[in-house]
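Take a look at the structure set out below.
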Amino acid sequence: MEGEEDYGFSEEEDYYYADDGDSHDGLADNDDSALQWAPPKGSTTKVITKESLLAAQREDLRRVMDLLSLKEHHARTLLIHYRWDVEKLLAVLVEKGKSCLFTEAGVTVVENVDDEVPPSSSSTITCDICIEDATADNATRMECGHCFCNNCWTEHFIIKINEGQSRRIQCMAHRCSAICDEAIVRNLVSRRHPNLAEKFDRFLLESYIEDNKMVKWCPSIPHCGKAIRVEEDEFCEVECSCGLQFCFSCLSEAHSPCSCLMWERWSKKCHDESETVNWITVHTKPCPKCYKPVEKNGGCNLVSCICGQSFCWVCGGATGRDHTWSRIAGHSCGRYKEDREKQTERAKRDLYRYMHYHNRFKAHTDSFKLESKLKESILDKVSVAEERELRLKDFSWVTNGLNRLFRSRRVLSYSYPFAFYMFGEEFFKDEMTDEEREIKKNLFEDQQQQLESNVEKLSMFLEEPFQQFSQDKVMDIRMRVINLSVTIDTLCQKMYECIESDLLGSLHLGTHHIAPYKSKGIERASELSSCWNTKLGSTDEYLPSDFQLQGLSVWRMERLFIPLKRKALFHSK
Numbered sequence: 001m002e003g004e005e006d007y008g009f010s011e012e013e014d015y016y017y018a019d020d021g022d023s024h025d026g027l028a029d030n031d032d033s034a035l036q037w038a039p040p041k042g043s044t045t046k047v048i049t050k051e052s053l054l055a056a057q058r059e060d061l062r063r064v065m066d067l068l069s070l071k072e073h074h075a076r077t078l079l080i081h082y083r084w085d086v087e088k089l090l091a092v093l094v095e096k097g098k099s100c101l102f103t104e105a106g107v108t109v110v111e112n113v114d115d116e117v118p119p120s121s122s123s124t125i126t127c128d129i130c131i132e133d134a135t136a137d138n139a140t141r142m143e144c145g146h147c148f149c150n151n152c153w154t155e156h157f158i159i160k161i162n163e164g165q166s167r168r169i170q171c172m173a174h175r176c177s178a179i180c181d182e183a184i185v186r187n188l189v190s191r192r193h194p195n196l197a198e199k200f201d202r203f204l205l206e207s208y209i210e211d212n213k214m215v216k217w218c219p220s221i222p223h224c225g226k227a228i229r230v231e232e233d234e235f236c237e238v239e240c241s242c243g244l245q246f247c248f249s250c251l252s253e254a255h256s257p258c259s260c261l262m263w264e265r266w267s268k269k270c271h272d273e274s275e276t277v278n279w280i281t282v283h284t285k286p287c288p289k290c291y292k293p294v295e296k297n298g299g300c301n302l303v304s305c306i307c308g309q310s311f312c313w314v315c316g317g318a319t320g321r322d323h324t325w326s327r328i329a330g331h332s333c334g335r336y337k338e339d340r341e342k343q344t345e346r347a348k349r350d351l352y353r354y355m356h357y358h359n360r361f362k363a364h365t366d367s368f369k370l371e372s373k374l375k376e377s378i379l380d381k382v383s384v385a386e387e388r389e390l391r392l393k394d395f396s397w398v399t400n401g402l403n404r405l406f407r408s409r410r411v412l413s414y415s416y417p418f419a420f421y422m423f424g425e426e427f428f429k430d431e432m433t434d435e436e437r438e439i440k441k442n443l444f445e446d447q448q449q450q451l452e453s454n455v456e457k458l459s460m461f462l463e464e465p466f467q468q469f470s471q472d473k474v475m476d477i478r479m480r481v482i483n484l485s486v487t488i489d490t491l492c493q494k495m496y497e498c499i500e501s502d503l504l505g506s507l508h509l510g511t512h513h514i515a516p517y518k519s520k521g522i523e524r525a526s527e528l529s530s531c532w533n534t535k536l537g538s539t540d541e542y543l544p545s546d547f548q549l550q551g552l553s554v555w556r557m558e559r560l561f562i563p564l565k566r567k568a569l570f571h572s573k
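When we follow full-length UniProt numbering, the leftmost residue of the sequence shown carries the number 1, and every step to the right adds one.
What follows is the structure, encoded as structure tokens:
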């Protein structure tokens with residue numbers, strides 16, 4: 001639901017619903033226990049703007065530079081190779097050692113540079129690329145030891161940049177995988193093409209987003225120019241500062257509890273002609289002459305195509321036009337064609353099943369849109385009620401209940417595409433027996449129906465003209481809304497637990513990831529500061545001065561790197 005308004009809790013809202021059980025009477029004994037104060041927490045997702053992109057990149061660069069005593073371009077080469085995953089880089093460092101780490105990434109670190117005697121400006125070398133002599137001033141030696149003339153280097157760099165390989169430009173020498181020094185690339189290219197040198201720098205900067213699985217561009221249209229960085233899990237739903245809510249994993253609209261693969265298939269099924277084809281298969285038959293689909297519009301079994309061909313509706317065979325109500329002249333179709341009948345029945349069954357889930361998905365999606373439009377009218381009712389001389393002055397339960405309604409309505413709508421694929425044959429045909437599928441289907445549908453029933457009740461109470469009611473009736477509606485909100489939150493949590501544990505737990509969990517349920521709704525990302533302090537990005541304060549990596553266990557490594565992002569060292573989709 002791209003571009004839709006956010007109805008999640010804002011950072012200023014300091015209340016959350018207490019979980020007091022499933023019944024609506026759980027809060028009846030204590031009105032004040034329904035809402036408890038919770039201190040606001042900082043957002044774990046960050047918005048990266050054009051101004052803060054450099055600061056975000058340098059934060060990770062500084063960690064690697066300080067840890068391994070490297071120059072900036074070496075640290076960038078390592079991070080690009082490991083897709084800016086600092087934890088994975090550290091794991092390779094511990095398991096394989098520094099030498100293997102550098103070799104795999106194409107990093108060549110020259111030791112004892114001061115011991116080398118620089119060639120005099122009058123000396124010449126023969127370039128192995130163009131086979132021409134060049135003075136030392138017009139030749140460049142990379143850290144890997146290979147030296148070529150500046151003209152050949154420049155042409156090589158220009159070609160690679162134009163081919164989109166700016167992030168990892170390798171040495172020209174045969175079978176050399178060393179990555180060229182970005183300062184040398186910038187210096188040589190800027191002499192001939194200053195604009196191309198700027199393009200090179202921009203590619204290096206944007207690699208933090210393009211190559212980083214924990215950072216992605218916001219998919220807003222038109223593009224807002226911002227990126228989102230997550231800290232913990234890439235399988236989540238986020239909200240950009242531009243207001244767009246989306247799935248961080250697949251960049252489509254937020255679709256939990258549907259997995260990304262399920263939502264991709266469902267979207268395609270709803271928008272392409274797959275169901276049109278099913279309808280044609282069920283309700284029409286092909287002309288035996290021109291093969292165009294023909295729909296029957298009368299009771300007679302002799303039908304005529306626009307091409308002039310007559311055929312029998314029962315068997316599809318070509319016939320003449322002579323017929324009576326009981327038979328067609330010269331035609332008999334008493335033979336049973338099993339394959340054709342099976343195909344038609346299968347198409348009809350699949351179509352009806354799809355319509356069942358699609359109709360309910362659309363019904364809740366439409367309800368969400370209509371209820372979203374009611375937000376202003378409900379807030380107007382709150383304003384009127386607050387002006388009345390009632391003992392009850394706090395109407396935050398209305399806005400909190402409204403937020404709960406929006407979130408649960410969204411969960412309900414996307415639960416139907418999930419059920420369509422979970423209990424169909426497209427993904428899990430060989431994973432469950434028919435009996436197991438039926439048991440799990442009944443378990444899920446029971447929870448789905450409970451949630452649906454309570455959501456409709458909450459919608460009904462919020463639409464009541466409570467601004468006109470007496471004090472006692474307003475208090476009664478207040479308690480019903482609060483209790484229903486708590487119940488709905490609990491039911492949503494249980495539905496997600498059922499999906500993760502009972503349904504997907506023993507199946508293809510590596511393929512179908514779902515974003516976790518968040519009681520307060522999709523988290524709004526906070527702006528990342530563009531003012532970056534090198535001290536904050538340094539790991540010196542966490543490391544011993546004589547830190548040695550050889551023989552260090554992964555466990556000890558994790559203990560030392562507490563400030564780094566906490567997630568699995570190797571987390572593959």
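Heads up, the beta-carbon is just placed ideally off N, CA and C, and yes, glycines get one too.
Nearest in C-alpha terms to E371, of all of K213, N187, K342, R407, is R407. Per the Cβ contact rule, the segment 345–364 is in contact with the segment 410–419 (3 or more Cβ pairs under 8 Å).
Here C147 carries a strand assignment [DSSP, helix/strand/coil]. Cβ-Cβ separation between I48 and E237: approximately 18 Å, too far for a contact (criterion under 8 Å).
DSSP links F361 through a beta bridge to no other residue. Taken in chain order, the unbroken stretches of alpha helix (DSSP H) that lie wholly in the segment 461–504 and span 4 residues or more are 471–497. In the structure shown, R229 falls within a strand segment according to DSSP collapsed to helix, strand and coil. Per DSSP, I80 is one residue of the alpha helix (DSSP H) stretching across 72–81.
Listed in chain order, the non-local C-beta contacts of Q493 below 7 Å within the same chain comprise Y517, local neighbours out to five positions each way being set aside.
In the three-state DSSP reduction, L251 falls in the coil class, being neither helix nor strand. Rounded to whole angstroms, the Cβ separation of L89 and L79 is 7 Å, and the two are in contact under 8 Å. One thing to note: C498 has its Cβ no nearer than 8 Å to the Cβ of L458.
Take the alpha-carbon of E435 and the one of F423: they are about 11 Å apart.
If you look at D133, you'll find it in the beta strand (DSSP E) that goes 133–135.
Taking the C-beta atoms as reference points, C130 is found no nearer than 8 Å to A139. DSSP places F428 in the coil class of the three-state scheme, outside both helix and strand. Looking at the DSSP output, T140 shares a beta bridge with F148.
Bounds of any alpha helix (DSSP H) do not take in P293; it lies within the beta strand (DSSP E) bounded by 293–295. Our two residues, D394 and S519, have alpha carbons roughly 22 Å apart in a direct line.
Going by DSSP, E264 is part of no beta strand (DSSP E) but of the alpha helix (DSSP H) stretching over 260–271. Sixteen is the threshold: since fewer than 16 other Cβ atoms of the shown chains lie within 10 Å of the Cβ of C290, the residue is exposed. In this structure, the alpha-carbon of E500 lies about 18 Å from that of E438. Between L491 and V411, the alpha-carbon positions lie close to 11 Å from each other. Collapsing the DSSP output to three states places T284 in a strand. Cβ contact annotation for D181 (same chain, cutoff 7 Å, sequence separation greater than five): H73, M142, E143, in chain order. The count of Cβ pairs closer than 8 Å, one atom from the segment 447–463 and one from the segment 397–407, reaches three, so the stretches are in contact.
The continuous alpha helix (DSSP H) containing F406 extends over residues 396–422. Between S310 and G298, the C-beta spacing is not below 8 Å.
Contact check for T44 against E231 passes: the beta carbons are separated by less than 8 Å. Among the bridge pairs identified by DSSP, I125 is matched with A134.
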